[in-house]
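Have a look at the structure below before the remarks.
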Amino acid sequence: MIDPYRMVAFNIISLLVISLYLFIHIKIYPKKKINLFMLLFIISLLPLMSLMRKGTYESGDLTLHSVFLRSFYESLSEGNLIPRWAGNLCGDKGCPVFLFEYITPFYIGSIFHFLGFSLIDSIKALLAVSFIASGVGMYLFIKNELGEMPAFVSALSYLFAPFHLQEMHFRVGIGMVLSFAFVPFLFLFSKKLVITSSIRYILLNALFFFLLITTHSTVTILVLPLLFGYLFIFLINSKRKKIFPFFLLIVSIILGLGLSCFYWLPALKEIQYTWYLKDLIVNDFKPMQEYIFSPAFYGFLFQGHRGELRLIIGYPHLLIILLALLFLIKKRLPVKEKIRIFYFLFSFAIFFLLLLKISKPFWNYVPFLKSSVLPWRVLMPISFITSYLSAIVVKNIKSKLCILFICIFVVASTILNWGNRKMIPEDPNAYNTHWSLYSEHYEQNDPLLRQNYINNIALASSLVLKRPLFPLEIIKGNGLYKQLERTSTKHVYILKAETGIKIKENTFFFPGWKVFANYKEIPIVYNDPDNLGMITFKLKPGLYKIDAQFTDTPVRRIAKSISVFSTLLIGIYLLYHLLHKRT
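Note that numbering that gives the first Met the number 0 has the sequence shown beginning at 0, numbered continuously upward.
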C-alpha cells in the first residue's frame, strides 16, 4: 500500500476505535464519567503519528527550518546566548537571519537537538509538543470559564482546525504552530489577572506575551485586540472595578514588551539594511469560496496535487458559526452569554473581511500589518474564535449524542490531513543550498547597493551556491595570512602584509561588524563597486593580528539593557516573595 494511503487507513481505524469506545460508554455506562482531559490527550496524538515516519516532507518548510535550527544551534554552542548572525548561510557569507526570524521555536528545537534528536526530528518534536500544548491550553482556558465538556469540544475544534493542521503538516510553519499553543494561555492568565489582580498573574501573563512575540509577531498583533475586547466584555459582565484590572493588564503587557525588547526593537530598526520586505505588497488574497470549500478530494483534502494550500475555515467551524448565530437570535440565553456570542461573531466577521481583497488597503497601509506578508494568517485567530464559540454552543446543547456527533465531525472531517502526503529522504546538501531569507547589505540612499538589490534579488537561489573558496582574500598587494579562529561572529587571522594591501573578508557586511588590526579598530568599506556588500579594508606593510567581530550596535545594546532590566524586576520580586514567605 502506498504510504499516504497506509497513513489514512491507520487514521481511520484509530478514529473508529475511539468513536466506538465512546458510543458504547455512553450507551452502557451513561452515568460513568469519562476523563475528558485524558481522552483529549489521546485524540491529540492521532495527527502526530505521521511525524514518526522517516525522512522529511516532500512539501513545506520542514527541511528549511532544520537548516535554520542547525545554524541557530551552532551559534548557541559558540556561546552566543542570543544568536543573531547565521554565519554559514547566504552562500557561507553570513546574514542576520535571527535578528528577524522568530527565535523561541529554535530555542525549543535546540533543547531537543541537545538531547540527541536529529535536526529534522527536533523540528518534528517541536511540532508535536506545540500541538499537544495547544489543546491543553484551550482546554484549561475554557474549563475555567464554561466547564469540562465545553472545554473538551473547544479544544478539539482548536486542535483540528484546518489551518492548524495545514501549518503543522503542509506548510510546517513552526512559529504559527507554536503560537497556537501560547494564545490560550495568554487569554487564561489575562483573565485570571483581571479577576485576582495578583502579581503572580502579571508575571505569568508577561511571560506568555513575551513568548508569543518571540514566536510570531503577526499573531501577537492580530490577537491582542481580540484579547482586549474579550476582557472588556468580561469586565462589563462582572461587577468588578473597571479601570484597575486593565491597568494591571497594561503593566503585564509592558513587562512582556520589555522582556522581548532585545528581539523586536533591533528588528524594527535594522530591517532597513536587508533585502527583506522591500517593495512588498500584501496581495495573496483568495476568493471567498476558497475559504469555505476545498476543491480537492470532494472537499476533504486541504492541499492540492501540486502542494497548493486549500485554506478553508473548516466545515464544523462554519456549522458552529451558524449555530451560534441561531442561538443569538432565537434561543433564550442569559444576557451575559448573548453578549459574548455577539462579540465573538462580530470579531469573526471582522477577521473574515481581512481575508478578502476588499481589505487590501488596510493590510498595506496599517503599520506592522504589512510585514505579515500573508493575509490568510488571520485564520489563526479565526480558529480560536470558532473554537471558543463551539464551547458556548455545546454548553447549551443537552443531548450527549449531539455533542458526540459534533466531536466526531470535528475530528473526522480532517482525517485526510493528519500528515504530509509523502516523505522523502533528507537532503544532505540542504545546509548549503537553501536560500530562504537570503540577503545582502542594503541602504536606500546608496545607489550602488540599491541597484545591487534590483539586479540580484531574483537570483538569490543561484547566488547562495557561489560559496567563497577562502575566508579571506588579498585583492591588491602582496601578503600572507593564516586563520587562527572562526566562529559565526568572530574571525581571527595572523596576516603579514609585504606591501600596502587591500583585503576582502568573505562576509557580508551588516551593522555591528567591526575589524580590528592589532586590537585597533580600522575602517571598513562595504560599497566597493567590485565587492558590493562585502567587508573590505586596507593595511600598510607589517605584521597584524586581524579580528573581525560581529558586535552589538547601539540599538541592540539599548534593547538588551531594557530586557535585562525587565528580567531583574521579575527576579527582585521573586526573591522578595521567597524571603517574605520564609519569614
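Heads up, the beta-carbon is just placed ideally off N, CA and C, and yes, glycines get one too.
For residue i, the residue or residues it bridges with in DSSP
| i | result |
| --- | --- |
| Q482 | Y492 |
| Y572 | Beta-bridge pairing links Y572 to no other residue. |
| A85 | C94 |
| K544 | I493 |
| E504 | L471 and I534 |
| F515 | E520 and D546 |
| Q302 | L308 |
| I423 | T55 |
CB-CB length for residue i against residue j, believed under 8 Å
| i | j | result |
| --- | --- | --- |
| E642 | S487 | A query on residue 642 cannot be resolved here, the shown segment of the chain reaching from 0 to 582 and no further. |
| S251 | H215 | That pair is no contact at about 19 Å. |
| L210 | Y138 | No, L210 and Y138 are not in contact; Cβ-Cβ is about 19 Å, not under 8 Å. |
| G174 | Y101 | 4 Å |
| F515 | G532 | Going by Cβ atoms, the distance from F515 to G532 rounds to 21 Å, so no, they are not a contact pair. |
| A266 | L368 | Between L368 and A266 the Cβ distance is about 15 Å, and since that is not below 8 Å, they are no contact. |
| I521 | F536 | 6 Å |
| L494 | I534 | Their Cβ separation, rounded to whole angstroms, is 14 Å, which puts L494 and I534 out of contact at 8 Å. |
| V377 | A323 | In fact, because the Cβ distance is near 19 Å, the residues do not count as touching under 8 Å. |
| A411 | Y437 | Contact flag wrong, Cβ pair sits at about 42 Å. |
| R420 | P46 | 14 Å between Cβ atoms; not a contact. |
Cα-Cα separation, residue i to residue j
| i | j | result |
| --- | --- | --- |
| N204 | E147 | 23 Å |
| I111 | S121 | For the record, residue 111 in the displayed sequence is Phe; it is not Ile. Approximately 5 Å, taken between the alpha carbons. |
| H24 | E307 | 41 Å |
| M287 | K268 | 36 Å |
| L234 | F246 | 13 Å |
| N431 | P470 | 16 Å |
| I253 | I212 | 12 Å |
| Y314 | L88 | 42 Å |
| N451 | D445 | 10 Å |
| G108 | L125 | 6 Å |
| R69 | I119 | 10 Å |
| I571 | L578 | 11 Å |
| F345 | T385 | 12 Å |
| R170 | L403 | 31 Å |
| K394 | A348 | 23 Å |
| I407 | Y387 | 18 Å |
| P360 | E484 | 51 Å |
| S153 | L80 | 38 Å |
| Y290 | W263 | 32 Å |
| I569 | A85 | 31 Å |
| L226 | Q443 | 37 Å |
| G298 | L327 | 29 Å |
| F151 | G134 | 9 Å |
| A457 | L447 | 17 Å |
| F186 | D60 | 29 Å |
| Y28 | Y106 | 46 Å |
| P540 | A180 | 59 Å |
| P553 | M48 | 47 Å |
| W613 | L155 | No statement about residue 613 is possible, as the shown extent of the chain runs from 0 to 582 and does not include it. |
| P366 | K191 | 31 Å |
| F301 | Y229 | 31 Å |
Buried or exposed by the 16-neighbour rule on C-beta atoms within 10 Å, applied to residue i
| i | result |
| --- | --- |
| F564 | exposed |
| N282 | exposed |
| V16 | exposed |
| T195 | exposed |
| P510 | buried |
| M6 | buried |
| K123 | buried |
| N454 | exposed |
| M167 | buried |
| P380 | buried |
| G93 | buried |
| C260 | buried |
| L567 | exposed |
| T219 | buried |
| T413 | buried |
Residue nearest to residue i in terms of C-alpha spacing, selected from the options
| i | options | result |
| --- | --- | --- |
| K519 | P380, L464 and Q548 | Q548 |
| L164 | V182, A127 and V152 | A127 |
| E504 | A496, E497, T498 and Y492 | Y492 |
| L468 | G90, S293, K513 and K238 | G90 |
| F159 | F383, D529, H440 and K421 | F383 |
| N526 | E439, E336 and F261 | E439 |
| I587 | Y543, R339 and E77 | Since the first residue shown for the chain is 0 and the last is 582, residue 587 is missing from the structure and cannot be characterised. |
| I311 | L464, P294, L324 and I319 | P294 |
| R331 | N517, F284, F67 and I396 | I396 |
| H316 | V66, Y543, F162 and L574 | F162 |
Any non-hydrogen atom of the ligand HEM closer than 6 Å to residue i Cβ
| i | result |
| --- | --- |
| L578 | Of ligands this structure carries none, so the ligand HEM is not represented either. |
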